[in-house]
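Notes follow once the structure below has been shown.
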Amino acid sequence: MAPVEDPMERLRARLDEHRLGMSVALEEARHALSIGEVPVGACVMLDGEILSRACNLRETLRDPTAHAEIIALRRAAFIVGAWRLTGATMYVTLEPCAMCAGALVLARIDMVVFGTRDPKAGACGSVMDVPGNRSLNHRVQVVGPFMEDECRELLQEFFRSMRKDSRTDSREMPGLASGRDPAGNGAMLNGHM
Ligand SMILES: [Zn+2]
0 MAPVEDPMER LRARLDEHRL GMSVALEEAR HALSIGEVPV GACVMLDGEI
50 LSRACNLRET LRDPTAHAEI IALRRAAFIV GAWRLTGATM YVTLEPCAMC
100 AGALVLARID MVVFGTRDPK AGACGSVMDV PGNRSLNHRV QVVGPFMEDE
150 CRELLQEFFR SMRKDSRTDS REMPGLASGR DPAGNGAMLN GHM
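Residue numbers for the sequence shown follow numbering that gives the first Met the number 0, so the first one is 0 and each next one is one higher.
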């Protein structure tokens, strides 16, 4: 006899999966922080398994497109052996920007779960809504904010240390030192900055 599907059980299992995915993304974000990058981490999960994980490496690679999501997507596609990632879920600590949200649509990802909103550049509902755009041929389900406090605190930690450095360091960093994040709420400074 086929097992009876308990909707609550299914929901609990999905929530556990989301927690696992976001925990891995958070580990990646902490790694980014430790190497002086804006702390954003991501992972791609398929059938309950972590396919790939990555952190923001924009400074390290001197690459404007080296966002955590893009690197994680490329790694996932390499592992699957196809560009199409149907059925996969992306977990990312910060709401994806237009580039990354576009890449999620192109990869045919099923769902994106993000940690905290990016009121300056978020493209999953904040500044624009790429995954929900009805003109596109694929729509990505968006869940978030999820585990928001942890994700936001990491970003706040980063910006606090940047401000402290700008006070003690004579090397002025344009934009960051001039207090473009005056609310101190970790609101992003144009994308992942
Ligand atoms: Zn991005």
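Cβ coordinates follow ideal geometry from the N, Cα and C atoms, glycine included.
#1: At what residues does the alpha helix (DSSP H) containing Phe77 begin and finish?
#2: Is the CB-CB distance between Glu58 and Pro95 below 7 Å?
#3: Return the first residue and the last residue of the alpha helix (DSSP H) that Gly20 is part of.
#4: Are the region 110 to 130 and the region 19 to 33 touching, with three or more C-beta to C-beta distances below 8 Å?
#5: State yes or no: is the beta carbon of Pro144 nearer than 7 Å to at least one beta carbon in chain C?
#6: Alpha carbon to alpha carbon, what distance is there between Arg18 and Val91?
#7: Cβ atoms of Val43 and Ala71: under 7 Å apart, would you say?
#8: Check whether the Cβ of Cys42 sits closer than 6 Å to any heavy atom of ligand 1, and report yes or no.
From the atom records:
#1: Ala67 to Val79
#2: no
#3: Pro6 to Ser33
#4: yes
#5: Here there is only one protein chain, and chain C is not present.
#6: 12 Å
#7: yes
#8: no
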